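S.K.:
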Amino acid sequence: DAGVTQSPTHLIKTRGQQVTLRCSPKSGHDTVSWYQQALGQGPQFIFQYYEEEERQRGNFPDRFSGHQFPNYSSELNVNALLLGDSALYLCASSLAAMTGKLFFGSGTQLSVL
Amino acid sequence: QKEVEQDPGPLSVPEGAIVSLNCTYSNSAFQYFMWYRQYSRKGPELLMYTYSSGNKEDGRFTAQVDKSSKYISLFIRDSQPSDSATYLCAFRIQGAQKLVFGQGTRLTINP
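From first to last, the protein sequence lines are chains L and P.
Residues in the first sequence are numbered from 1 upward in steps of one, following the working numbering.
Residues in the second sequence are numbered from 114 upward in steps of one, following the working numbering.
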């Protein structure tokens, strides 16, 4: 049983560029959440998708957007990249009724130069 | 005041020691309490999930919640080198989707 898979594992971009990160949830899971983890910090909630709709959003600007597909996979898009967007981006999947019990992928390490 | 406070460590102990990891929180609306373990270059992994005050035990791990003091702890008995990781406390309000994480405590168990 494959767990949560994220791609790519590493990414280097320059300021002002746009990036798309991808996530496939654990088999059987229908909910995908995205978190940003800066070095030495805990993960910060970006948003959650369920039934292809954004269900809740954290304190992130509109430059951060997402999408969930009918097969429950998800994308995170970040526009107009800033140096401060450099972080590990984590995707987590869960069942809708078990939001606290998240299964995380290994993340995408984004470096903005 | 930060919503969650967690000592970042690092914490280094000998193999076999009892480890105590702690978090304090200020939001009295938190009703669900979790501990995640994160190995280097990996995503967090759920260790313990509780929703009431008191103790919950799972093998060598015990989670303790004191809602009156807004304080949670994770105890690791008979610690092993494989327990070396960053431990994150996490909280959730009922009805909310997001988890609020602590900063994480980096733990090293020395053989």
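A virtual CB, placed ideally from N, CA and C, is assigned to each residue, including glycine.
Remember, predicted model here, so these are calculated numbers, not experimental data.
Compute the distance between the beta-carbons of Gly208/P and Gln119/P, then report whether it is under 9 Å.
M.R.: No, these two residues do not count as a Cβ contact at 9 Å.
S.K.: Between which two residues does the beta strand (DSSP E) containing His67/L stretch?
M.R.: Note, His67/L: beta strand (DSSP E), Phe64 to Gln68.
S.K.: Contact between the stretch 154-173 of chain P and the stretch 116-131 of chain P: three or more CB pairs below 8 Å?
M.R.: Taking 8 Å as the limit for Cβ pairs, the verdict is that the stretch 116-131 of chain P does not touch the stretch 154-173 of chain P.
S.K.: Would Asn230/P and Phe204/P be called neighbours here (beta carbons separated by less than 9 Å)?
M.R.: What is shown of chain P runs 114 to 224, which leaves residue 230/P out entirely.
S.K.: Identify each residue in the stretch 90-111 of chain L for which the Cβ-Cβ distance to at least one residue of chain P is less than 7 Å, and report them in chain order.
M.R.: Within the stretch 90-111 of chain L, the residues whose Cβ lies closer than 7 Å to some Cβ of chain P are Leu90, Thr99, Gly100, Lys101, Leu102, Phe104, Gly105, Ser106 and Gly107, listed in chain order.
S.K.: So Gln48/L and Thr31/L are in contact, right, with Cβ under 8 Å, and what is the actual spacing, rounded?
M.R.: Going by Cβ atoms, the distance from Gln48/L to Thr31/L rounds to 6 Å, so yes, they are a contact pair.
S.K.: Any idea what DSSP makes of Pro123/P, helix, strand or coil?
M.R.: In this structure, Pro123/P counts as coil in the three-state DSSP scheme.
S.K.: By Cβ distance below 7 Å, which residues in the same chain neighbour Thr163/P in space, the five residues on each side in sequence not counted?
M.R.: So the qualifying residues of the chain are Phe146, Lys169, Ala176 and Val178.
S.K.: Check whether the stretch 149-163 of chain P and the stretch 188-207 of chain P are in contact - that is, three or more C-beta pairs closer than 8 Å.
M.R.: The stretch 149-163 of chain P, when compared against the stretch 188-207 of chain P, does touch it at the 8 Å Cβ threshold.
S.K.: Is Ser195/P helix, strand or coil by DSSP?
M.R.: If DSSP states are grouped into helix, strand and coil, Ser195/P belongs with the helices.
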